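The next block holds one structure in the form of structure tokens; read it before the comments.
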Amino acid sequence: MPSGAALLLALLALAAAAAIGPAPANAAVSYDHRAVVINGQRRVLIAGSIHYPRSAPEMWPDLLQKAKDGGLDVVQTYVFWNGHEPVQGQYYFGDRYDLVRFVKLAHQAGLYVHLRIGPYVCAEWNFGGFPVWLKYVPGISFRTDNGPFKAAMQAFVEKVVSMMKAEGLFEWEGGPIILAQVENEYGPMESVMGAGAKPYAAWAAKMAVATGAGVPWVMCKQDDAPDPVINTCNGFYCDSFSPNSNGKPTMWTEAWSGWFTAFGKPVPHRPVEDLAFAVARFIQKGGSFVNYYMYHGGTNFDRTSGGPFIATSYDYDAPIDEYGLLRQPKWGHLRDLHKAIKQAEPALVAGDPTVQSLGNYEKAYVFKSSGGACAAFLSNYKTDAAATVAFNGRRYELPAWSISVLPDCKTAVFNTATVRAPSAPARMSSAAAGLSWRSYSEATNALDDRAFTKDGLVEQLSMTWDKSDYLWYTTYVNIDSNEQFLKLGKWPQLTIYSAGHALQVFVNGQSYGSAYGGYDSPKLTYSGYVKMWQGSNKISILSAAVGLPVSSPPLPLFSQFRVQTTVILISSCCPSSSSLQNQGTHYETWNVGVLGPVTLSGLNEGKRDLSSQKWTYQIGLHGESLGVYSAAGSSSVQWGGAAGNQPLTWHKAYFDVPAGGAPVALDLGSMGKGQAWVNGRHVGRYWSYRAPGGGCGGCGYAGTYGETKCQSGCGDISQRYYHVPRAWLNPSGNLLVLLEEFGGDLSGVTVVTRTA
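Quick note, the sequence shown lines up with residues -17 to -1, 1 to 739 if you use mature numbering (1 follows the signal peptide of the UniProt record, and there is no 0).
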């Protein structure tokens, strides 16, 4: 008989093996060619993405109930590795990252859960969801057949699965989780990731199944997903998609309800008529699982927005807006669509449709069951004209670019282009203006004991590990007394080349302006004339990141499939435009910061290259290290009179909570660029970055949608309002702190409420 210690170790080993062991033989969720099967019953499932860290936990019950009321069966979420393991081996599952609480609340609301563990998520989330420490694991290479990467990935996936098991959250345990996802958007990468790509994808699938989650696994946009893993589609339209095996259901894991907003870009919108049309097209072709990405987009609090240059708002033109209010008529029209689909479900799950031609652009997709159930979808693909069609001895009027749903093959209960839900546009109302401000200027000509010196220029992330957006680059230039510019008064020209994303220049403590890149091109060049004197001159460059890349250089985004006379666009899985670094190889190798050259022109010698001389570095700002954005930290510095136009300055004011229960926001449209905190909680980055003019004309619903088709805000600030959850607020004396990088007008800052 083993000793007590040995027996304990054996029992612990058995428990650990059980935690990630095989699924039970009587797993309650399976699938076949037609649908996901839950407890022996085929289901047509309507899902919606709600990402738990993008809203306050106090908002979750209401969001989930609104999803349920909108006709959803399933809530889908990514799992955000960098939020849960910010330091290697140290896990966090509290506050907005309380995944267990979120899943349990979904269960209480009567919703199933699709858990997309990834752990690569894209999602316009900082660094694609990967923790920055992962980049610096020796010998690592992301998302390929690489030992260090696979070990770290497997440890996190097993951690999440084990946690869900321990809480009894999989469906076979009585919980709500019916599906899981491993990896994300990897299929398009295989052709460019080299020899390690296919073995990695196969390993990821095998590793996921071996965790014993006991529910089907999916792989997004992974045409070679091995059995039993299901490959799924993502895009604006997915009715041309088929899985890679006849034994797998046709699933659409991301039906894009809109598009994300980037600083310096217009705000995209997707007409609900077209979104409903896309979903009905998918269902009529035999699709049985549709997930809206996003159903509630929420907010990129803290510094979680990636891209770079992704805005703090992740509203996504979703059915539930960023603040948790219903976006009408989008929410109501989709609810009515879901009701019609559910009425047709007995026929839909019985088998594949038969197709009848009703005209050149019109078709009928008919589903019948052996028990006599019958459902039909009548479609009109014309973009410019309605059609009258005859079906089963009756006549039906079909508006352009629309589908009518007949749950009994007789009565049209819903048409995708006929919107009956009321329109209820949201508006912002001032709740607190004329705030009383105090200011504290960040030192621009002093270094503290955190500074360190290196030869030459260094990449920013390798120094900061993303603990701050900011890195100071400081060097010294000696000017001889015989320099001609001292006599002529024509100052030398400083030129700085940076990998991104923004920078400010100070010479001998005086500001000489800023430069920044953009969403389409994060790299930037600063060039300006700077005053220098005889002797030693100090050049200080503050480099600022605006979110880390979520993936790498773009591949061609769209594949095209011609259906009748309409071009259907089916994208790679991650919501991305062709300009976002969202598809490509090894995005962990992308750089940020001042990589040079840095030159000084107009000297007697001509041009002097400063790149390789000694530079002194300091991570972050002094105010950050003191925590001046918190009540305790703000008392550690001397605040003076308001100085809104000064660059690199902290500002604080107090406000009382607005009356009522309407969502709260900050109107920061009068400010420049920076970050905001309320009661020490990080609202996120703000930036009054204007979109180019033009391109925001009329928007008709008919015709193939793309992210630039229906836009607003051309020539205007991309994001003006910043969500502050009411749960963060006290009845009175709420501390608002702004870190303003460029300078702005404090008198224009107001607290507002949002109503519909």
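Think of the CB as a built atom: it goes at the ideal place given N, C-alpha and C, for glycine as much as any other residue.
The model shown is predicted, which means the values in this text are computed figures rather than measured ones.
Using DSSP with H/G/I as helix, E/B as strand and the rest coil, what is Ile479? strand
If contacts are defined as beta-carbon pairs under 8 Å, then Arg264 and Asp300 qualify, I think. What distance do you get, rounded to the angstrom? Incorrect: roughly 20 Å between the Cβ atoms, too far for contact.
Looking only at DSSP bridge pairs, what is Ala238 linked to? Gly218 and Tyr275
My output table needs one value for Phe435: the three-state DSSP class, helix, strand or coil. strand
Check whether the region 98 to 111 touches the region 48 to 57, counting contact only when three or more Cβ pairs, one atom from each stretch, lie closer than 8 Å. no
Ala188 and Val165 look like a contact to me (Cβ under 8 Å); what is the Cβ gap, rounded to whole Å? 7 Å
In chain order, which alpha helix (DSSP H) runs of at least 4 residues are fully inside the region 578 to 607? none
Would you tell me roughly how many angstroms separate the C-alpha atoms of Val601 and Glu466, rounded to the nearest one? The identity of residue 601 in the sequence shown is Gln, whereas the question assumes Val. Taking the straight line joining both Cα atoms gives about 31 Å.
Opening and closing residue of the beta strand (DSSP E) in which Met202 lies: Trp200 to Cys203
With H, G and I counted as helix, E and B as strand and the rest as coil, what does DSSP make of His665? strand
Have a look at the DSSP bridge pairing and note the partners of Gly731. In DSSP, Gly731 forms no bridge with anything.
Close beta carbons around Thr548, own chain, < 8 Å, minus the five adjacent residues each side: Caution is warranted here: a pLDDT of 28 is assigned to Thr548, below 50, making its placement in the model unreliable, and the coordinate value is therefore given only provisionally. The answer, listed in chain order, is Tyr344 and Tyr364.
Nearest-angstrom Cα distance between Ala395 and Trp670? 48 Å
Please state if the CB of Gln476 and the CB of Ser584 are separated by a distance shorter than 8 Å. yes
Please state if the CB of Ala163 and the CB of Leu117 are separated by a distance shorter than 8 Å. no
Which residue wins for smallest C-alpha separation from Gly727, given the options Trp660, Leu651 and Lys133? Leu651
Going by beta carbon distance, what residues of the same chain come within less than 6 Å of Val720, once the five residues before and after it are set aside? Tyr612, Lys635 and Trp660
Would you say the region 616 to 629 touches the region 416 to 435, given that touching needs at least three Cβ pairs under 8 Å? yes
Excluding the 5 residues flanking Phe139 on each side, which residues of the same chain have their C-beta closer than 6 Å to its C-beta? Trp64 and Pro102
Just the C-alpha distance for Tyr502 and Leu258, rounded to the nearest angstrom, thanks. 26 Å
Nearest to Tyr459 (by Cα), restricted to the options Gly678, Asn520 and Leu471: Asn520
With DSSP run on the structure shown, which of helix, strand or coil describes Trp573? coil
Roughly how many angstroms lie between the CA atoms of Ala429 and Leu440, to the nearest whole one? 19 Å
Exposed or buried, what is Lys231 when buried is set at 16 or more other beta-carbons lying within 10 Å of its beta-carbon? buried
When DSSP labels each residue in this structure, what does Ser464 get in the three-state scheme? coil
Could you give the C-beta distance for Leu389 and Leu361, rounded to a whole number, given that I count them as a contact under 8 Å? 7 Å
Please classify Val732 as buried or exposed, where buried requires at least 16 neighbouring CB atoms within 10 angstroms. buried
Just to confirm my understanding: we take Ser412, look at its own chain, exclude 5 residues before and 5 after, and list those with CB closer than 7 Å. What are they? Val735, Thr736 and Thr738
Val262 lies in the beta strand (DSSP E); which residues open and close that run? Looking at the DSSP string, Val262 is not in any beta strand (DSSP E); the run it does join, the alpha helix (DSSP H), is Val255 to Gln267.
Using a Cβ distance threshold of 8 Å, determine whether the region 233 to 253 contacts the region 493 to 510, with at least three qualifying pairs required. yes
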